[in-house]
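Protein chains in written order, with numbering that gives the first Met the number 0: chain A, 0 to 334; chain B, 0 to 334.
Number of protein chains: 2
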Amino acid sequence: MSKRKRITIQEVAKFAGVSPITASRALGNPKLVKESTRERVEAAAKELNFLPNFAAGMLSKNKSNMVGVIVPTLSNSIFADTIQALTEAIAPQGVQLLIGTNNYSMEREDQIIKTFISHRADALVLTGHTHTDYAEELIRNFEIPVVEIWNLRQGRDFACVGMSNYNAAYEMTEYLINKGYKRIGYIGGLLANNDRSEDRLRGYKQALRDNDVEFDFSIIREAEFELPSGAEAMRSLLTLSDRPDCVFASSDIIAFGALIECQNKGVSIPDDIALAGFDDAVIGSMTKPGLTTVRIPRRQIGLKAGNIVLKMLQGDKDISLVNDLGFDLAIRDSA
Amino acid sequence: MSKRKRITIQEVAKFAGVSPITASRALGNPKLVKESTRERVEAAAKELNFLPNFAAGMLSKNKSNMVGVIVPTLSNSIFADTIQALTEAIAPQGVQLLIGTNNYSMEREDQIIKTFISHRADALVLTGHTHTDYAEELIRNFEIPVVEIWNLRQGRDFACVGMSNYNAAYEMTEYLINKGYKRIGYIGGLLANNDRSEDRLRGYKQALRDNDVEFDFSIIREAEFELPSGAEAMRSLLTLSDRPDCVFASSDIIAFGALIECQNKGVSIPDDIALAGFDDAVIGSMTKPGLTTVRIPRRQIGLKAGNIVLKMLQGDKDISLVNDLGFDLAIRDSA
DNA sequence: GATAAAAATGATACCGATACCGTTTTTTTT
DNA sequence: AAAAAAAACGGTATCGGTATCATTTTTATC
Chain A
0 MSKRKRITIQ EVAKFAGVSP ITASRALGNP KLVKESTRER VEAAAKELNF LPNFAAGMLS
60 KNKSNMVGVI VPTLSNSIFA DTIQALTEAI APQGVQLLIG TNNYSMERED QIIKTFISHR
120 ADALVLTGHT HTDYAEELIR NFEIPVVEIW NLRQGRDFAC VGMSNYNAAY EMTEYLINKG
180 YKRIGYIGGL LANNDRSEDR LRGYKQALRD NDVEFDFSII REAEFELPSG AEAMRSLLTL
240 SDRPDCVFAS SDIIAFGALI ECQNKGVSIP DDIALAGFDD AVIGSMTKPG LTTVRIPRRQ
300 IGLKAGNIVL KMLQGDKDIS LVNDLGFDLA IRDSA
Chain B
0 MSKRKRITIQ EVAKFAGVSP ITASRALGNP KLVKESTRER VEAAAKELNF LPNFAAGMLS
60 KNKSNMVGVI VPTLSNSIFA DTIQALTEAI APQGVQLLIG TNNYSMERED QIIKTFISHR
120 ADALVLTGHT HTDYAEELIR NFEIPVVEIW NLRQGRDFAC VGMSNYNAAY EMTEYLINKG
180 YKRIGYIGGL LANNDRSEDR LRGYKQALRD NDVEFDFSII REAEFELPSG AEAMRSLLTL
240 SDRPDCVFAS SDIIAFGALI ECQNKGVSIP DDIALAGFDD AVIGSMTKPG LTTVRIPRRQ
300 IGLKAGNIVL KMLQGDKDIS LVNDLGFDLA IRDSA
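Structure follows, in structure tokens:
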């Protein structure tokens with residue numbers, strides 16, 4: 000494409016009348032260089048429009064200053080918020096984020112991890128704890144620091160930042176029970192390889208058990224993280240002869256789909272059926288009725304993960320493995 | 000960090016009993032190599048867990064297979080959707096996306112562009128047409144192909160993919176006029192360095208003019224792209240003695256803020272005041288009342304931009320500069 | 001079966017920065 | 001002012017691939 004010769008640090012050095020290595024130091028490690036030469040080199044760099052070739056630096060320094068992050072999707076704003084915050088945390092330190100979306104597919108995740116390793120990312124940020132054996136082997140082989148976000152697990156090698164999806168689902172379920180709902184249905188996000196979904200379902204079940212409410216498989220549904228899928232699940236629940244008086248959806252997106260379905264069917268929330276969600280999407284405060292849901296520190300997760308990554312890159316070994324950022328219930332009108 | 004010696008293509012070559020360059024070809028350009036050696040090299044690569052060092056390849060090939068994209072923010076799902084689609088378009092071709100968010104700041108944009116150039120991104124995707132002179136000079140100097148998204152301009156050097164924000168605002172305004180609203184207020188997104196906002200405001204003004212409606216500066220407000228800011232603008236409009244009977248917000252986020260404000264103040268939409276937005280955020284179909292807005296082909300913008308970028312990377316010169324993907328009005332209950 | 005053409009492989013140099021170690025210059029010490 | 005220490009600078013090698021051109025091997029042609 001570009002035929003014009005690119006300016007290298009050699010040219011800058013020549014222009015400033017110093018050796019390339021001195022120019023390199025002047026630009027990257029000014030303390031090692033006399034003030035006056037630093038100025039000359041910087042002037043030369045500016046004059047010649049020099050921007051260092053990242054690949055070259057990476058090759059010789061053997062570090063990339065890049066961090067790879069994988070989330071299921073950017074279309075769900077909860078992950079977009081986390082990534083936005085992660086970017087804000089690390090970009091000022093000159094660290095570039097590589098972003099991959101796996102669409103809840105383990106295969107895609109493996110693919111992306113390979114790409115990130117090829118790019119020699121200095122660290123990885125992964126969503127959840129569930130990865131293929133192959134992925135974990137790669138990570139071990141290449142000795143890449145990893146931070147897992149959006150869920151917590153004790154006893155793993157990797158640091159994690161998030162909140163207990165189990166506890167959150169447990170508390171919400173208990174809240175619904177205490178509110179007096181007798182028959183609480185559940186619409187869960189896809190469970191396959193998704194520890195957040197699994198933990199939420201477990202929390203729901205355990206809360207029922209601890210409060211002597213029978214678990215009824217017939218009012219459990221599984222849904223994709225899309226409005227129509229949530230709507231469909233709710234439709235199915237509404238047709239039951241002994242329909243639930245309350246539905247707990249394990250994601251706001253699913254809850255919104257369910258909410259739309261109820262409105263379309265003329266089913267009143269919360270009078271005919273109560274509804275609770277999970278995630279606290281911005282929308283939840285704006286629907287009629289407002290959606291009762293679990294508020295998650297999305298941005299804090301990104302910021303904290305970013306800070307941990309930065310510590311890792313500096314070789315700091317003093318990193319707490321489990322970083323619980325908590326959650327709380329956002330009680331509104333829907334349940 | 001990692002002390003273990005990384006596997007290089009040299010090792011792979013030795014293991015397979017060929018020269019490094021042959022191994023390189025076997026992996027990257029199999030047609031140049033005998034089938035049997037290709038298999039041996041691939042087996043060796045797999046056996047040794049070889050993943051090529053991207054920086055090295057980049058340095059010698061003088062291309063990065065990376066594309067940089069800059070959007071204002073990821074927290075607004077409209078941009079997240081576009082980026083998601085862009086990723087889907089280029090990732091299968093082995094192109095990695097570098098994502099930068101400038102938070103509507105030109106300075107940040109310059110910074111990010113410099114970073115991307117240092118990374119030797121093969122192409123850039125920028126939001127809108129407004130950049131600093133410095134940025135444009137950099138782009139010219141380094142001869143980087145650029146695609147601009149989310150707005151259209153004739154006569155620029157860069158290809159653009161999007162829709163006419165001017166036309167869209169014009170049509171929406173005309174629709175509101177035809178609907179019978181007499182006094183149509185306007186809450187615009189921040190105008191500074193934002194051609195989308197500017198064009199929308201221009202479209203609104205021109206539609207008024209063409210329909211002999213007087214432009215009244217006193218019912219124009221400017222707002223940030225945040226709910227509270229939209230709410231505040233609406234609050235200000237509501238206090239007017241001759242308040243508008245309709246408000247056109249140049250972004251759904253702002254419109255939602257305005258909607259919340261009206262609900263809190265007991266102002267009925269559309270009876271007391273009508274409301275229209277712009278962007279067609281997913282939420283708009285779920286609020287009560289549903290939000291009348293402009294539907295934008297967010298995902299198509301990402302896909303098309305991705306395809307154009309891929310063509311550019313292949314050196315294809317046959318690229319149409321202005322790619323109008325259109326829009327339409329989503330008429331719901333709010334206006 | 002000799003010759004030309006095509007396919008497969010290899011040797012060497014190079015991409016652009018910095019690490020490493022050595023040399024020169026300046027400053028400090030006594 | 002001589003010796004020692006510190007600061008500044010530079011030569012060379014190197015990171016890990018691939019481009020380029022040369023060479024060898026295989027296949028095709030008549």
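We put the CB at the ideal spot given by N, CA and C, even for glycine.
Closer than 7 Å at the beta carbon, the chain B residues around residue i
i: Lys-287(A); result: Lys-287
i: Ile-82(A); result: Leu-73
Limits of the unbroken beta strand (DSSP E) element including residue i
i: Ile-186(B); result: 183 to 188
i: Val-212(B); result: Element bounds for Val-212(B): n/a, residue is neither H nor E.
i: Ala-280(A); result: Premise fails: Ala-280(A) is in no beta strand (DSSP E) and is neither H nor E.
i: Val-246(B); result: 245 to 248
i: Val-11(A); result: That residue, Val-11(A), is in no beta strand (DSSP E); its alpha helix (DSSP H) goes 8 to 15.
Closer than 9 Å at the beta carbon, the chain A residues around residue i
i: Thr-86(B); result: Leu-73, Ile-98, Gly-99, Thr-100
Assumed close pair residue i, residue j - CB separation to whole angstroms, cut-off 8 Å
i: Asn-306(B); j: Ala-88(B); result: 6 Å
i: Leu-324(B); j: Met-162(B); result: 5 Å
i: Lys-178(B); j: Ala-334(B); result: 7 Å
i: Ser-235(B); j: Gly-188(B); result: Contact doesn't hold; Cβ gap of about 16 Å is too wide.
i: Thr-131(A); j: Ile-69(A); result: Contact flag wrong, Cβ pair sits at about 13 Å.
i: Val-124(A); j: Leu-85(A); result: 7 Å
i: Asp-271(B); j: Thr-292(B); result: About 19 Å; that fails the 8 Å criterion.
i: Tyr-174(B); j: Gln-205(B); result: Contact doesn't hold; Cβ gap of about 14 Å is too wide.
i: Asn-166(A); j: Cys-159(A); result: So it is not a contact: roughly 14 Å between Cβ atoms.
i: Thr-100(B); j: Leu-73(B); result: 6 Å
i: Ala-55(B); j: Phe-14(B); result: The Cβ separation is near 18 Å, so there is no contact.
i: Ile-252(B); j: Asn-75(B); result: 6 Å
Cross-strand partners of residue i (DSSP beta bridge)
i: Gln-95(A); result: Met-65(A)
i: Glu-221(B); result: Gly-187(B)
i: Ala-44(A); result: Looking at the DSSP assignment, Ala-44(A) forms no beta bridge with any residue, so it has no partner.
i: Arg-294(A); result: Asp-278(A), Asp-327(A)
i: Ile-272(B); result: Its beta-bridge partners do not exist; DSSP assigns none.
i: Leu-123(A); result: Gly-67(A), Val-145(A)
i: Thr-100(B); result: Val-70(B)
i: Asn-322(A); result: Val-160(A)
Residue i burial status per 10 Å Cβ neighbour count (16 or more: buried)
i: Leu-290(B); result: buried
i: Gln-9(A); result: exposed
i: Lys-62(A); result: exposed
i: Ile-268(B); result: buried
i: Gly-16(A); result: exposed
i: Ser-18(B); result: exposed
i: Thr-21(A); result: buried
i: Thr-238(B); result: exposed
Chain A contact residues for residue i, given Cβ-Cβ distances below 7 Å
i: Thr-292(B); result: Within chain A, no residue comes near Thr-292(B); the closest Cβ sits about 14 Å away, beyond 7 Å.
i: Phe-255(B); result: Met-285
Proximal residues of chain A, C-beta to C-beta of residue i below 8 Å
i: Arg-119(B); result: Asn-52, Phe-53, Ala-54
i: Asn-140(B); result: Asn-48
i: Met-171(B); result: None at all; the shortest Cβ gap to chain A is about 21 Å.
i: Leu-58(B); result: Asn-52, Ala-54, Ala-55, Leu-58
Per-residue contacts from residue i into chain B (C-beta, under 8 Å)
i: Ile-259(A); result: Ser-284, Met-285
i: Ile-116(A); result: Leu-50
i: Gln-95(A); result: Leu-97, Thr-114, His-118
i: Ala-79(A); result: Leu-73, Ser-74, Ser-76, Ala-79
The alpha helix (DSSP H) enclosing residue i, as first and last residue numbers
i: Ala-25(B); result: 19 to 27
i: Gln-83(B); result: 76 to 89
i: Gly-256(B); result: 251 to 264
i: Thr-129(B); result: Taken as a continuous stretch (DSSP letters only), Thr-129(B) belongs to no alpha helix (DSSP H), as it is neither H nor E.
i: Phe-49(B); result: Taken as a continuous stretch (DSSP letters only), Phe-49(B) belongs to no alpha helix (DSSP H), as it is neither H nor E.
i: Ala-230(B); result: 226 to 237
i: Gln-153(A); result: Taken as a continuous stretch (DSSP letters only), Gln-153(A) belongs to no alpha helix (DSSP H), as it is neither H nor E.
i: Lys-113(A); result: 105 to 117
Under 9 Å from the C-beta of residue i: neighbouring residues of chain B
i: Ser-228(A); result: Ordered by position in chain B, no residue passes the 9 Å Cβ test against Ser-228(A), which lies about 14 Å from the chain.
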